[in-house]
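In what follows, a structure is listed as structure tokens, so that the remarks can point back to it.
Here it is in structure tokens:
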């Protein structure tokens, strides 16, 4: 249980960090064709695209990454609770 719990926690945390890095990248000039930046964009785009459909931009501000991070944290909490529930049943 401990290894699975830790692996899932690390995966959620790394994905959250990638979204935060993506937010910072939108504020600065960078070369989007560099492999590191392309990786971040390719990994986070599908998830963020879903929230961009739900949360429209407010002028020049895009709040969808914040909503996406909150949803990711809620999903992480839910997955942890489900894992804990099934661990306690066994």
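In my numbering, the protein residues as written are 151 to 240.
Glycine included, C-beta positions come from ideal geometry on N, C-alpha and C.
(1) Kindly indicate which residue of 156, 177, 166 has the alpha-carbon position closest to the one of residue 197.
(2) Would you kindly report the start and end of the unbroken alpha helix (DSSP H) that includes residue 196?
(3) With C-beta atoms as the reference, is residue 190 less than 8 Å away from residue 172?
(4) Check residue 236 in the structure and name its three-state DSSP category.
(5) Closest by CA to residue 223, which one among 164, 154, 235?
Concretely, from the data shown:
(1) Against the chain shown, residue 197 aligns to sequence position 47. Of the candidates 156, 177, 166, the one whose C-alpha sits nearest the C-alpha of residue 197 is 166.
(2) Along the chain shown, read from residue 1 onward, the residue named residue 196 stands at position 46. Counting along the chain, the alpha helix (DSSP H) containing residue 196 begins and ends at 185 to 204.
(3) The residue given as residue 190 occupies position 40 in the chain shown. The residue given as residue 172 occupies position 22 in the chain shown. Yes, Cβ-Cβ distance for residue 190 and residue 172 is below 8 Å.
(4) As a position in the chain shown, residue 236 is number 86, starting the count at 1. Note: residue 236 maps to helix in three-state DSSP.
(5) Numbered from 1 along the chain shown, position 73 holds the residue referred to as residue 223. Minimum Cα distance to residue 223 is reached at 164.
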